[in-house]
Structure formats: structure tokens, C-alpha cells
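Mapping to numbering that gives the first Met the number 0: the sequence shown position 133 is 132, numbers consecutive.
Cβ coordinates follow ideal geometry from the N, Cα and C atoms, glycine included.
None of these values were measured; they are calculated from a predicted model.
Remarks on the structure that follows.
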Amino acid sequence: MSIQWRKCASQIKHVIQTISKHYQMANVSDSAVVLAYYTLLSLFPALLVIASLLPYLNIRTETVLESIEPMVPESIFSMLKPSIHSFLNTRSGGVLSIGVIVALWSSSRAVAAFQRTVNGTYGVAKNQNALVNRIVAFFWTVALIAFLFVLMLFLSFGQIILEQLAPYQHVPHEIIGYINAAKWPVTFLVVLLVLMILLLVLMILLYFVPSAKLKWRFVWPGALTATVGWLLLSQAFSLYVKYFVHNMDSYRTIGTFIVLMFWLDFTGLILMFGAVLNAAIQDMILGRIEEQEAMGIPKLLK
Numbered sequence: 000m001s002i003q004w005r006k007c008a009s010q011i012k013h014v015i016q017t018i019s020k021h022y023q024m025a026n027v028s029d030s031a032v033v034l035a036y037y038t039l040l041s042l043f044p045a046l047l048v049i050a051s052l053l054p055y056l057n058i059r060t061e062t063v064l065e066s067i068e069p070m071v072p073e074s075i076f077s078m079l080k081p082s083i084h085s086f087l088n089t090r091s092g093g094v095l096s097i098g099v100i101v102a103l104w105s106s107s108r109a110v111a112a113f114q115r116t117v118n119g120t121y122g123v124a125k126n127q128n129a130l131v132n133r134i135v136a137f138f139w140t141v142a143l144i145a146f147l148f149v150l151m152l153f154l155s156f157g158q159i160i161l162e163q164l165a166p167y168q169h170v171p172h173e174i175i176g177y178i179n180a181a182k183w184p185v186t187f188l189v190v191l192l193v194l195m196i197l198l199l200v201l202m203i204l205l206y207f208v209p210s211a212k213l214k215w216r217f218v219w220p221g222a223l224t225a226t227v228g229w230l231l232l233s234q235a236f237s238l239y240v241k242y243f244v245h246n247m248d249s250y251r252t253i254g255t256f257i258v259l260m261f262w263l264d265f266t267g268l269i270l271m272f273g274a275v276l277n278a279a280i281q282d283m284i285l286g287r288i289e290e291q292e293a294m295g296i297p298k299l300l301k
């Protein structure tokens, strides 16, 4: 019995050491701060871009808020809602081009930081060209923006689009009425769908972003861990906001940004730990991690 316990303890020690090794290889803690900083920096320029486009799309501010709400924890959203509402009501054509440039620049820096960290986790692309890294980051930035735009359309603008297309597609008004009536009873299903989409997006990111030869069976554990970790983080921040932040009314504005920065930082840590876990699992099972021949080029383009 003691031999089995020693063997089990040795295996657990090996797992912890392997995870710790890949965690230190990527310098995850510092990289999460960089990721959070550039994500926060890109948030409000992106809101200015959306605000500038709302008049042309004939979309109400409340509709945009409803589309953002499922993607952010309730406690964080309740604190950010006034600031987001203010930004969305600041509509100026002059800030559109500036907002687009700043949003793309800062978000591409965030994606580039994430890619460098993930590559460091796998121990690949150590001598990757900075220009190649930025081009790949820009590719993923555009892809993520397009995906989030489609997701927002699906979650909140679907009924509006259906109403606009109804006269041309001869959609019965009874169907539109049923969708409208069922909007709130299916809230749980919408949240579940968002979580499933989040898991799928994380799997895609953790598979295609690293410049390493990966297999899907070594990707889903980290994606699932990151999804569950994000849910636990959301609950933890809900308690934090409920019992601590609401007591600081005089510092509410700056407190909102501090809480948001912490949430983004921990979100980055959880996401990168998912990559660390995947790298550790592949290292323990296969004993090696091979680098892609065309370093820095997304696997989709090969």
C-alpha cells in the first residue's frame, strides 16, 4: 500500500513540476498584466467606434448594452453600464477613424502579447520576427472582432434583423411574436449557449495561436479549465463588488476601473493557465513539443 502511495505522490509531484515549468517558461504573471492593459486600452476606443456607427445602423444604445451584458459578469457589467452608456451616446464622426486606429493598435498588441506568452509556454518561436508576430496578431484581432460582431448580432439583434427581413421573406408575424414572447424564458439557454461558444472560441485560440504542432485532444482540457475558471472568477468578483466596492461611493468611478483592471488581469491569468495546462499535458504524454515549420503563420493558412 505504501508503494502505491509513493508512486501516486511521485506522479502528482511530476505533474506539479511540469505545470510549474511551463508556467515559468512563459512568465505568465507579467504577461497577464500586459494583456489586461492593452485590452482595457482598446475597450473605450471600440465603444467610440460603435457609437459612431449606431446612427447609420439604426440601432438603439439599449440594444448594444443588452448584447454586451451576457459576455460580462453581472457585477462588472453593473459597474461599467453608466460609463458604456455615456460613451455610446457620444456620437461624433470625427472620432471614428481615430477610434478604429487606436482600437486596432491596442487590441493587436494584446493579441501579440497573448501569442508570445502561449509560444513561451510551449517553448517555441523563441526567435520569432517581431513583424511576423504583429501581422499574425493583426490577423487574429480582425478574426476576433468579426466573431464578436456576429455573436452580438446573434444574441441581441436577431429579432431586429428578422423584423426587417420579414416583409421580404414572408415570415409570419406569429413566429416573430413567439420569438419576442420567448425572449426572457430562454435566458438560461442563451447563457448556456454563450458558455458553449466561449469554450469553442478558447479551443480555437489555444489550437491555432501557438506556433507548435498540437492535437485537439491536448487542447480541450485547457479550454475547459479556462471556461470553468472564468465562471468561478465571475462569482468571486460578484461577491467582491457586493461587499466591498459598493461601500466606496466617493471612489466609485476610479473603483470601477480598478475592479475592471483586476478582472481583466485575472481573466488573462486564467486564459494563459489554460495554455500552460495544455502544454504540460502534451509534454507529459508525448514527451516533446515540436515547432511548426512555418513559424508564426496560422495553421488555417497552411
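Determine the closest residue to S105 out of F76, A25, D29, T38, with distance taken between C-alpha atoms. Counting from 1 along the sequence shown, the entry for residue 105 is found at position 106. Closest by alpha carbon: T38.
What distance in whole Å lies between the Cβ atoms of L79 and L259, which are believed to be in contact at a cut-off of 8 Å? Stepping through the sequence shown from its first residue, residue 259 is reached at position 260. Stepping through the sequence shown from its first residue, residue 79 is reached at position 80. Contact holds; Cβ gap of about 7 Å.
Report the three-state DSSP secondary structure of E61 (helix, strand or coil). Taking the sequence shown and counting its residues from 1, the one referred to as residue 61 is at position 62. Three-state result, E61: helix.
For G221 versus L34, is the C-beta spacing smaller than 8 Å? Taking the sequence shown and counting its residues from 1, one reaches residue 221 at position 222. Taking the sequence shown and counting its residues from 1, one reaches residue 34 at position 35. In this structure, L34 does not lie closer than 8 Å to G221 by Cβ.
Excluding the 5 residues flanking T224 on each side, which residues of the same chain have their C-beta closer than 6 Å to its C-beta? Working through the sequence shown from its first residue, we reach residue 224 at position 225. G273, L276.
According to DSSP, E290 sits in a beta bridge with which residue or residues? Here residue 290 refers to the residue found at position 291 of the sequence shown. BP columns for E290 point to A211.
Out of curiosity, what's the CA-to-CA distance linking K212 and T116? Along the sequence shown, read from residue 1 onward, the residue named residue 212 stands at position 213. Along the sequence shown, read from residue 1 onward, the residue named residue 116 stands at position 117. Going from the Cα of K212 to the Cα of T116 covers about 16 Å.
Contact defined as beta carbons within less than 8 Å: I believe I280 pairs with F217. What is the distance between those atoms, to the nearest angstrom? Stepping through the sequence shown from its first residue, residue 280 is reached at position 281. Stepping through the sequence shown from its first residue, residue 217 is reached at position 218. Right, the Cβ-Cβ distance comes to about 5 Å (below 8 Å), so this counts as a contact.
Just mark F256 as buried or exposed, buried being the case when its beta carbon has 16 or more other beta carbons within 10 Å. One-based indexing of the sequence shown puts residue 256 at position 257. Burial call: exposed.
Look at the Cβ atom of V303, then the Cβ atom of P209, and state whether they are nearer than 8 Å. A query on residue 303 cannot be resolved here, the shown segment of the chain reaching from 0 to 301 and no further.
Any contact between the stretch 24-32 and the stretch 283-291? By contact I mean 3 or more CB pairs, one from each, below 8 Å. no
CA-to-CA distance, I97 to D264, given in whole angstroms: The residue labelled residue 264 in the question sits at position 265 within the sequence shown. The residue labelled residue 97 in the question sits at position 98 within the sequence shown. Roughly 26 Å separates the two Cα atoms.
Check whether I269 and W229 have beta carbons under 8 Å apart: As a first step, residue 269 is located in the sequence shown; it is residue number 270 there, counting from the start. As a first step, residue 229 is located in the sequence shown; it is residue number 230 there, counting from the start. In this structure, W229 lies closer than 8 Å to I269 by Cβ.
Rank A102, H13, F261, T60 by C-alpha distance to the C-alpha of I83 and give the top, closest one. Locating residue 83 in the sequence shown gives position 84, counting from the first residue. Ranking A102, H13, F261, T60 by Cα distance to I83 puts T60 first.
If you draw a straight line from the C-alpha of I11 to the C-alpha of S19, how long is it? The residue labelled residue 11 in the question sits at position 12 within the sequence shown. The residue labelled residue 19 in the question sits at position 20 within the sequence shown. When rounded, the distance between both Cα atoms is 12 Å.
If you count every other CB in all the chains shown that lies within 10 Å of the CB of M283, and 16 or more means buried, which is it? As a working note, residue 283 is residue 284 in the sequence shown. Exposed, because fewer than 16 other Cβ atoms sit within 10 Å of the Cβ of M283.
For V110, which three-state DSSP category applies? Start at 1 with the first residue of the sequence shown, and residue 110 comes out as number 111. V110 falls in the helix class under three-state DSSP.
Rounded to the nearest angstrom, what separates L201 and S233 at their Cα positions? The residue given as residue 201 occupies position 202 in the sequence shown. The residue given as residue 233 occupies position 234 in the sequence shown. In a straight line, the C-alpha of L201 is about 17 Å away from that of S233.
Taking the Cβ atom as the reference point for each residue, do Y304 and A278 lie within a distance shorter than 8 Å? In the structure as shown, the chain begins at 0 and stops at 301. Residue 304 is therefore absent and cannot be evaluated.
Which residue wins for smallest C-alpha separation from A235, given the options K214, W215, W262? Position 236 of the sequence shown holds residue 235. Considering only alpha carbons, the answer is W262.
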